[in-house]
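Residue numbers (this note's numbering): 1 to 327.
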């Protein structure tokens, strides 16, 4: 018969294995997205019609790159991954160093990688309604101005010892050591309250900024396909980001070794993963496939063939399709 501890261990392992499987799928999708980005970039060198569509290749690469780093960083959170694939190569890691790995995971996840790809996502939405496409360096500057203060605050809270003496552990503790029934010590990563509040403040700012950009984009975009994509993107952002913040806060009510904590942390991971998948699909893969199709349409328009009067509607449709493709 299973006791409560055994059942809890099985459920926690199930959440970890599900996370590993989903991260593997996301990494594969990111690899596909990167292949699309580089294919368009290389093909644009030989196609005049693709040069305009390729102008955001560096920004799209940055989006996929940050999502990939977020996925790899999230593996540090999983005890099963650290135990099987990290500790055998670094057997000298003590509990304090393992706890620092958890702190590093929290700082990078909530302070750089996730805010970073969210900011790039917002940048691409803003670009979709601009006539002139800004340089990729603007995206890097936008990320730096937004994320560096957040990352700095996360690092200060996690690695400054003076805070530990001023506030209760729930505010700054990024990990908990738990002993199993076999007296084996395991380090569980957690999300401190202060770091959750910092990310929550960023989330509120982001939701306000995204709502304004989305409203402006929807009012200006006349292309039905692009409008539908914006609807799905807005739905994903407006649902998953608040849900993630709520799940982060609720996870503080349980100990990291408890099943309820694992469930809420998995929800935090899953909501971010959904947002990453939607972002790559809507802002990377789909625009590139549309760009490649529009390039063929542009070649038809620029060919020397004469368009008959009855084909004028088709010609205008091709022109509208080419003009409408943005981010």
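Glycine residues also receive a C-beta, built at the ideal position from the N, C-alpha and C atoms.
- Here the alpha carbon of residue 253 sits roughly 21 Å from the alpha carbon of residue 240.
- DSSP places residue 246 in the uninterrupted alpha helix (DSSP H) bounded by 224-251.
- Membership of residue 185 in the beta strand (DSSP E) is indicated by the continuous run 185-189.
- DSSP places residue 177 within a strand segment (E or B) once states are collapsed to three.
- Per DSSP, the unbroken alpha helix (DSSP H) holding residue 101 starts and ends at 95-108.
- Judged by pairs of C-beta atoms under 8 Å, the segment 76-83 does not touch the segment 163-173, as fewer than three such pairs exist.
- The C-beta distance from residue 67 to residue 117 rounds to 5 Å, short enough to meet the 8 Å contact threshold.
- DSSP places residue 215 in the uninterrupted alpha helix (DSSP H) bounded by 193-220.
- Residue 112 and residue 146 have their C-alpha atoms spaced approximately 9 Å apart.
- One thing to note: residue 276 has its Cβ no nearer than 9 Å to the Cβ of residue 122.
- DSSP places residue 161 in the uninterrupted alpha helix (DSSP H) bounded by 161-166.
- Taking the CA atoms as reference points, residue 250 sits about 7 Å from residue 264.
- When the Cα atoms are used, residue 185 and residue 177 turn out to be separated by approximately 6 Å.
- Counting the other Cβ atoms within 10 Å of the Cβ of residue 107 gives 16 or more, which makes it buried.
- The alpha helix (DSSP H) runs lying completely inside the segment 52-87 and spanning 4 residues or more are 57-74, given in chain order.
- Scanning its chain for C-beta atoms nearer than 6 Å, with the 5 sequence neighbours on each side dropped, one finds around residue 271 the residues 240, 243 and 244, in chain order.
- By alpha-carbon distance to residue 268, the top candidate from 74, 17, 281 and 213 is 74.
- A Cβ-Cβ contact shorter than 9 Å links residue 120 with residue 62.
- Nearest in C-alpha terms to residue 105, of all of 124, 85 and 71, is 71.
- For residue 140, the three-state secondary structure derived from DSSP is helix.
- Within the same chain, 210 and 275 come within 7 Å of residue 237 by CB-CB distance, once the 5 residues on both sides are set aside.
- In the structure shown, the three-state DSSP call for residue 255 is coil.
- When C-alpha distances from residue 282 are compared across 247, 258 and 235, the shortest belongs to 235.
- The Cβ atoms of residue 175 and residue 156 lie no closer than 9 Å to each other.
- A straight-line Cα-Cα distance of about 43 Å links residue 247 and residue 43.
- Rounded to the nearest angstrom, the Cβ distance from residue 15 to residue 262 is 5 Å, consistent with a contact under 8 Å.
- In the DSSP assignment, residue 91 falls outside any alpha helix (DSSP H) and carries neither an H nor an E.
- Residues of the same chain with a CB within less than 7 Å of the CB of residue 23, apart from the 5 flanking positions on each side, are 71, 74 and 75 in chain order.
- For residue 23, the secondary structure class from DSSP, reduced to helix, strand or coil, is helix.
- When the Cα atoms are used, residue 141 and residue 255 turn out to be separated by approximately 39 Å.
- For residue 170, the enclosing alpha helix (DSSP H) stretches over residues 169-172.
- In the DSSP assignment, residue 116 falls within the alpha helix (DSSP H) that extends over 114-127.
- Distances from the alpha-carbon of residue 65 to those of 149, 203, 280 and 197 put 280 closest.
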